[in-house]
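Engineer:
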Amino acid sequence: MPEREKCVVPALLEHYAGTTPDKALVLFEDGSAWSYGETLRRTRVAAGGLRELGVGPGDTVLAWLPNGPDMLLSWFAANYLGAILVPINTSYRGKLLHHVIRQSDATLLIGHAELLPRLRQIEPTQLKDVVCCNGMIGAADVPEGLNVQAESVLTEASVAVTSAHPVERWDTMMIIYTSGTTG
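When we follow numbering that gives the first Met the number 0, the leftmost residue of the sequence shown carries the number 0, and every step to the right adds one.
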């Protein structure tokens with residue numbers, strides 16, 4: 000079995016941020032890059048924001064975002080806390096969207112501003128909080144009763160998490176809903 004530092008997100012980030020903090024970890028489509036050290040710093044801040052919203056080890060966190068920095072940060076921050084990320088396909092709507100949200104048991108969804116109005120088209124679920132990325136929407140754009148949080152909750156948390164929850168290789172880190180395709 001591989002060592003934790005080779006296959007578990009929090010351990011990977013801690014290890015490589017400690018040994019090669021300035022080395023690029025990810026290059027984004029717009030040409031920007033995050034080093035291992037920068038990624039760990041951003042992850043700790045976002046994990047602090049998620050913790051302030053009540054996320055803890057074993058909780059599920061929905062991410063309804065296109066590929067990019069927000070999605071990566073959501074994944075790493077959730078896993079840093081020992082939570083389970085549940086990405087939602089950006090094309091989902093209606094009954095399929097409702098099914099994934101309801102079955103996930105998540106009370107928090109991190110979503111793109113352009114996608115969130117689709118939540119009004121589905122039956123109520125157990126969701127309580129929605130973090131809105133890439134813009135801000137009004138309360139009228141989401142179902143009544145949902146608390147809409149600004150993206151700054153993930154980028155400007157008052158207290159960053161300074162050490163990762165001890166996630167093990169066998170812990171669930173992500174649940175992916177798929178129709179059987181690899182896409």
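Glycine is no exception: its CB is placed at the ideal position from the N, C-alpha and C atoms. Only a predicted model underlies this, so the values are computations on that prediction, with no experimental measurement involved.
#1: Compare the Cα-Cα distances from Ile121 to each of Ile87, Pro142, Ala163 and report the closest residue.
#2: According to DSSP, simplified to helix, strand and coil, what is Asn78?
#3: Can Ser73 and Ile109 be called in contact, C-beta distance under 8 Å?
#4: Going by beta-carbon coordinates alone, are Leu12 and Thr42 separated by less than 8 Å?
#5: For Ala149 and Val44, I'd like the C-alpha separation in whole angstroms.
#6: Whether or not the segment 155 to 175 and the segment 77 to 88 are in contact is what I'm after, with contact meaning three or more pairs of Cβ atoms, one per stretch, closer than 8 Å; do they touch?
#7: Using a threshold of 8 Å, state whether the C-beta atoms of Trp63 and His111 are closer than that.
#8: Please identify the residue among Trp33, Ala76, Pro68 whose C-alpha is closest to the C-alpha of Arg50.
#9: Which first and last residues belong to the alpha helix (DSSP H) in which His97 is found?
#10: As a quick exercise: from Ala32, Leu107, Ala139, Lys127, pick the residue whose alpha carbon is nearest that of Arg119.
#11: Going by DSSP, which residues form a beta bridge with His111?
#12: May I ask you to report which of helix, strand or coil DSSP gives Gln148?
#13: Going by C-alpha distance, which of Ser103, Leu115, Leu71 is nearest Phe27?
#14: Rounded C-beta distance between Arg117 and Leu96? I'm assuming under 8 Å.
#15: Which first and last residues belong to the beta strand (DSSP E) in which Thr59 is found?
#16: According to DSSP, which residues form a beta bridge with Ile83?
#17: Along the chain, where does the beta strand (DSSP E) that runs through Val25 open and close?
#18: Start and end of the beta strand (DSSP E) containing Ala32?
#19: Could you tell me the distance, in whole angstroms, from the CA atom of Pro1 to the CA atom of Val7?
Structural biologist: The answer reads as follows:
#1: Pro142
#2: helix
#3: yes
#4: yes
#5: 14 Å
#6: yes
#7: yes
#8: Ala76
#9: 93 to 103
#10: Ala139
#11: Cys132
#12: strand
#13: Leu71
#14: 6 Å
#15: 59 to 63
#16: Thr59
#17: 23 to 26
#18: 32 to 34
#19: 10 Å
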